[in-house]
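Notes follow once the structure below has been shown.
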Amino acid sequence: MTLSLYGFNASNYYNKSKLALLEAGADFTEHQVFPSAIDRSSSPLGKAPYLVTPHGPLSESQVIVEYVAQTHPAAKLYPSDPFEAAKVRELCAYLDTYLELVARRLYAEALFGGKVSDGLKEMTRKELVNNVKAFRQLAKFSPFVAGDNFSAADISAYTHLPMVRTVGKRIYGEELFGDFDLKNYLAMLTARPAFAKTAADAAAGIADFMAYVQVANRPPSTPAAA
Ligand SMILES: N[C@@H](CCC(=O)N[C@@H](CS)C(=O)NCC(=O)O)C(=O)O
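If you want the numbering used here, it's the 1-based position in the sequence shown plus 557.
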């Protein structure tokens with residue numbers, strides 16, 4: 558069953574789905590496409606990533622991760638115990654909703670040379686500090702984010718935590734994760750071949766994406782308030 562993943566290598570959400578596919582040893586091909594050219598019959602909001610399956614297209618990175626997990630159970634992206642699997646999903650939800658999406662409000666300034674209002678920065682800092690604390694209450698990092706075993710939550714953590722940390726440093730001059738050794742955790746994951754490949758592809762894809770952003774003159778997902 559060949560799957561086709563659409564999006565771009567510099568996208569953290571694209572990389573979530575790509576990591577799940579690579580970790581699962583799935584048969585898939587990659588198709589580089591920036592948001593302005595995304596096929597809206599496959600991804601109605603024009604967002605990356607989407608996955609074309611033999612049954613039709615799927616948008617939303619977490620939906621794709623779940624689909625890969627169910628079609629490739631040997632990859633064990635979720636524990637077999639229902640409660641433990643739900644705990645992994647809880648971490649994924651916190652990472653997407655309360656960390657990445659909140660930090661994303663500031664990407665225009667942190668990553669793309671734009672400007673966001675002081676009011677938005679102040680409001681977002683309060684939320685980020687509160688949400689990082691809540692996430693750290695759930696995260697085990699022993700050594701994986703959900704505990705002893707690698708899971709889908711490590712995929713979300715690997716793609717999103719560096720973005721949150723970058724926003725903290727560039728906007729507030731702060732280490733939002735305090736004394737937690739995020740570098741060491743990320744290095745442990747980068748030692749896995751799927752992560753090493755994805756990180757290398759992401760680094761190689763940044764220049765093209767920055768050129769796209771300049772031409773499109775619109776940082777992706779820039780909130781109207783920014
Ligand atoms: N909730 C979505 C978020 C995807 C997303 O925001 N992707 C960004 C790239 S990292 C994008 O395509 N943005 C284009 C836009 O929003 O116009 C998911 O999990 O797939």
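We put the beta carbon where it would ideally sit given N, CA and C, even for glycine.
In the DSSP assignment, what residue or residues form a beta bridge with residue i?
i: L615; result: L608
i: H704; result: Looking at the sequence itself, residue 704 is Gly, so the reference to His does not match. DSSP lists F701 as partners of G704.
i: S563; result: Here residue 563 is Tyr; the residue named in the question, Ser, does not match the sequence. Answer is H588, Y607.
Consider the C-beta atom of residue i and the heavy atoms of ligand 1; say whether any pair is separated by less than 8 Å.
i: Q619; result: yes
i: S699; result: no
i: I595; result: yes
i: D584; result: no
i: N741; result: no
i: G762; result: no
i: K575; result: no
i: K604; result: yes
i: S616; result: yes
i: S568; result: yes
i: Y571; result: yes
i: A564; result: Checking the displayed sequence, the identity of residue 564 turns out to be Gly instead of Ala. It does: the Cβ of G564 is within 8 Å (strictly closer) of some heavy atom of ligand 1.
i: P601; result: no
i: P592; result: yes
i: D653; result: yes
Just to confirm before moving on: does the CB-CB distance between residue i and residue j stay below 9 Å?
i: F737; j: R693; result: yes
i: R597; j: L668; result: no
i: A709; j: V772; result: no
i: D765; j: A567; result: yes
i: K672; j: E666; result: yes
i: P657; j: M720; result: Reading off the sequence, residue 657 comes out as Glu, not Pro. Yes, these two residues count as a Cβ contact at 9 Å.
i: L786; j: G725; result: Coverage of the chain is limited to positions 558 through 783, which leaves residue 786 absent and any answer about it impossible.
i: G613; j: V590; result: no
i: L602; j: S616; result: yes
i: L746; j: D705; result: no
i: P636; j: V625; result: no
i: A714; j: Y742; result: yes
i: A660; j: T628; result: no
i: A643; j: A577; result: no
i: F707; j: F698; result: no
i: E587; j: S561; result: yes
How about residue i: is its Cβ closer than 8 Å to a heavy atom in ligand 3?
i: P636; result: As far as ligands go, the structure on display features ligand 1 and does not contain ligand 3.
Entirely enclosed alpha helix (DSSP H) segments - the stretch 565-597, minimum 4 residues: Counting only runs of 4 or more, we get 569-581.
Whole runs of the alpha helix (DSSP H) within the stretch 622-680, excluding any shorter than 4 residues: Qualifying alpha helix (DSSP H) stretches, in chain order: 639-650, 658-661, 664-667.
Three-pair Cβ contact test at 8 Å for the stretch 732-749 versus the stretch 635-654: With the cut-off at 8 Å, the stretch 732-749 and the stretch 635-654 do not touch.
contact_flag[the stretch 574-594, the stretch 751-758] where n(CB pairs < 8 Å) is 3 or more: As far as the Cβ criterion goes, the stretch 574-594 touches the stretch 751-758, which means the pair count is three or higher.
Contact between the stretch 565-578 and the stretch 601-618 (3+ Cβ pairs under 8 Å): Yes, the stretch 565-578 touches the stretch 601-618.
Complete beta strand (DSSP E) runs within the stretch 728-753 (minimum length 3 residues, chain order): The qualifying runs do not exist here; there are none.
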